[in-house]
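Here the numbering used here is used: the first residue of the sequence shown is 1, the next is one more, and so on. All residues carry an ideal CB built from backbone N, CA and C; glycine is no exception. Every value quoted in this text rests on a predicted model; they were computed, and no experiment measured them. Report on the structure given below.
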Amino acid sequence: MKKKSTILRILSYLRPYWKWMTGAMLCMVLFAVFSGASLGMILPLFDNVFSRTDTATEKCDFLPSLRQNTGEAFSNLGSEIISLHPRGVYSAGGELLEGLRDTFKESDPQQVLIVIVLGLIFIVLLKNFLGFMQVFFLSRAEQGVVASIRGSLYNHLLQLDMGFYTSVRSGDVMAKFTSDVGNMNWAMTEMMMSVPRQFVLLLVYLGLALWASWRLALITLLVFPPAMLFILILSRRLRKKTHYSQEKLSDFSALLQETIFGIRIVKAFSMEKFEGSRFAGILDVHRRTETSLQRERAFASPVTEIMGAIASGFIMWYGGSAVLSGGSLSTGRFLVFLAASLSMMKPIKIISTANSRIQTGIASAERVFDLMDLEPVIKQPVDPVPFDSFADRIEFRDVCFSYETGIPVLTDVSFSLDKGEIIALVGPSGGGKSTIADLIPRFYDPDSGSVLIDGSDLRAIDLEGLRRNLGVVTQETVLFNDTVRNNIAYGEESIPIEKIKLAAEVANALQFVEDLPDGFSTVIGERGARLSGGQRQRLAIARAVLKDPDILIFDEATSALDTHSERQVQKAIDGLIEGRTSLIIAHRLSTITKATRVLYIENGRIVESGTHTELLKLNGKYRLLYDMQFSGQ
């Protein structure tokens, strides 16, 4: 059932491209009809040209005879096609064929030969033109579908919550975007282009064989059941193995990405051989799986061809004997039948080969759709409370939180952050400071308790409005491989350069940006690789300045910087937080001198709370941390 639903889901993306598909299907049917017609030319060539036994001297001209014998049949066939009457079309088609046969029989053999040659050239030209148009129409639809799937997957990823990104490997997601969607593209080509064309050709050749000799055609049909059974069994094996192969491909995509991002550590610890052996192990599993898949794929085509060859051999013996014995089967009809039955082998062979590619695509589609079916935990409320600006306070009420492991990260956390207030969170690593900060933009929801802003639970507030009024600067600065200007403006291309420069000046970044080779037009590299750590942080702060948020969150914004860079960034932070509600997380106590209140967080609880001076007088954990950092100064 899952396979069927997956195929239907892939095909559902075709709806916007129905016009292209209609044109492709029409070209496909006509292509198959003309392919059959080219084989049908064998009959008059042998029976009415090379095997003429009549000795009459008076021969009719071809064209007058054609008009007389087929004019009415052509008219009837057109009417039946327009009326969409299958039986009528079949009957009128039979009349037309009889008229053509009478015309060939009555006409001069030399004229018949010329007509056959010219007709064959015309049919081949028209057939190939139709084949080209089919590819033209289908490629538009196929690439549109693949683009739609990639777009839907990307937009869905943007809607998934932070919990998803902390539990999944980025390499696995990348593999689904590239390899899996690529396999779907491959399968789409087969499902939309190759298999339908070959199936229609198979029907045309089968119809031609039935017309030439229905007895021999029934013998030919005996090969179909075992061939289809073989393809069905092979399909199940291929889909299962392909799913496993794609998982292994995701493994080494993830490892490759981790190695590239962590190359400094790999080299610093001389772990090149270790990482190489890890990668080789994953590649070896993938290689063995792919080798097994290739063997089974290669097995499909020869088996179906051998079955067809056995059936064809018997047909040649049986039909040839009927012709030699002077039975009802003429040489021309036998040759038409033989050509049609042999031509059927190619579509069967192509369909069996294409089936393996389709199974690969279905397995990949299942992985892609499994990702697309994930529901985000953090959702926009059904009837959200509007949030245009921050007016009063942020309040944590008995908040408890844990990640998927179930180990408590926050336990009964309660505090409030009033408008214009600056609260600093300090304490040992892993105590829950960053988790508190992540709950305010609603990256996560509490397990129990609630976070309120201006008296409304965050789970009821308009999510986009909430985040629009927040500015976040983290230790791991996120910059894009784009210009300085676009990194500061981030998505707001219409913002004038004057405002961007002002934001850079407030962030203490204007001087170094103007010293760059192309100033604000300088491309800073992937993740800002061409800048120092302090410069990256100041650009991130400039981005927050330009956003002009009501609430600011600084998560370890200076912890990874040297003293000089820290001072530069701290100046930028001081300029930004002035007059704004701010939550600052810091290991270095020197960065929180402007805080109106300090919360000491340990093991997911607020252990101490007060001003800097009050906590020093308390002689508790904060005083111990302060003395450790400033002893000897």
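- Closest in alpha carbon position to Leu-470, among Leu-479, Ser-450, Asp-438 and Phe-480, is Asp-438.
- Tyr-17 sits away from Ser-148, with the two beta carbons spaced by 7 Å or more.
- Between Ile-348 and Leu-216 the beta-carbon gap is near 17 Å, outside 8 Å, which marks them as no contact.
- By the neighbour-count definition (other C-beta atoms within 10 Å, threshold 16), Ser-364 is a buried residue.
- Residue environment analysis places Lys-273 among the exposed positions, since fewer than 16 neighbouring C-beta atoms fall within 10 angstroms of its C-beta.
- Comparing alpha-carbon positions, the option among Val-115, Thr-360, Thr-593 and Gln-111 lying closest to Ile-7 turns out to be Thr-360.
- In this structure, Leu-466 sits near Phe-387, with a CB-CB distance shorter than 7 Å.
- For Thr-411, the three-state secondary structure derived from DSSP is strand.
- The closest CA to that of Leu-208, considering only Thr-166, Ala-32, Arg-580 and Thr-189, is found on Ala-32.
- Excluding its 5 nearest sequence neighbours in each direction, Gly-431 has C-beta neighbours in its own chain below 8 Å: Ile-601, Glu-602, Asn-603 and Gly-604, listed in chain order.
- Residue range 162-167 is occupied by the alpha helix (DSSP H) that includes Phe-164.
- DSSP, reduced to helix, strand and coil, places Ala-424 within a strand of the structure shown.
- Residue pairing by DSSP places Ile-585 opposite Leu-425 and Asp-555 in a beta bridge.
- Closest by C-alpha distance to Ala-212, out of Leu-502, Gly-332 and Thr-522, is Gly-332.
- Short of 8 Å from the beta carbon of Gln-159, and not among the five residues preceding or following it, lie these beta carbons of its own chain, in chain order: Pro-376.
- Taking the Cα positions, Gly-420 is about 48 Å away from Asp-251.
- Counting along the chain, Phe-396 sits inside the beta strand (DSSP E) bounded by residues 393-402.
- For Leu-118 and Cys-27, the gap between their C-alpha atoms comes out near 22 Å.
- By the neighbour-count criterion, in which 16 or more other beta carbons inside 10 Å mark a residue as buried, Tyr-205 falls on the buried side.
- According to DSSP, Thr-474 shares a beta bridge with Asp-555.
- Comparing C-alpha distances from Arg-9 to each of Trp-186, Glu-366 and Val-426 shows the shortest one belongs to Glu-366.
- Take the alpha-carbon of Lys-499 and the one of Gly-491: they are about 14 Å apart.
- Distance from the Cα of Gly-519 is smallest, within the candidate group Arg-527, Ala-509 and Gln-380, for Ala-509.
- Between Ala-354 and Ser-194, the gap from beta carbon to beta carbon is short of 7 Å.
- Between the region 402-422 and the region 469-488 there are fewer than three inter-stretch CB-CB distances shorter than 8 Å, so the stretches are not counted as touching.
- Within the DSSP secondary-structure output, Thr-483 pairs in a beta bridge with Val-523.
- In this structure, the straight-line span from the alpha carbon of Leu-256 to that of Met-133 is close to 42 Å.
- Per DSSP, the continuous alpha helix (DSSP H) segment holding Glu-366 begins and ends at 331-372.
- Here the alpha carbons of Arg-567 and Ile-577 stand approximately 15 Å from one another.
- In this structure, Lys-127 lies near Phe-34, with their beta-carbon atoms less than 7 Å apart.
- Put simply, of Asp-445, Met-271 and Ser-434 the residue whose alpha carbon is nearest the alpha carbon of Val-399 is Asp-445.
- The C-beta distance from Ile-585 to Ala-595 rounds to 11 Å, too long to meet the 8 Å contact threshold.
- Beyond the five residues adjoining it in sequence on each side, Pro-408 comes within less than 7 Å, by CB distance, of Cys-400, Ser-402 and Gly-604 in the same chain, given in chain order.
- The continuous alpha helix (DSSP H) containing Arg-536 extends over residues 533-547.
- When only Cα atoms are considered, Tyr-622 and Gly-610 end up about 10 Å apart.
- Ser-456 is bridged by DSSP to Ile-453.
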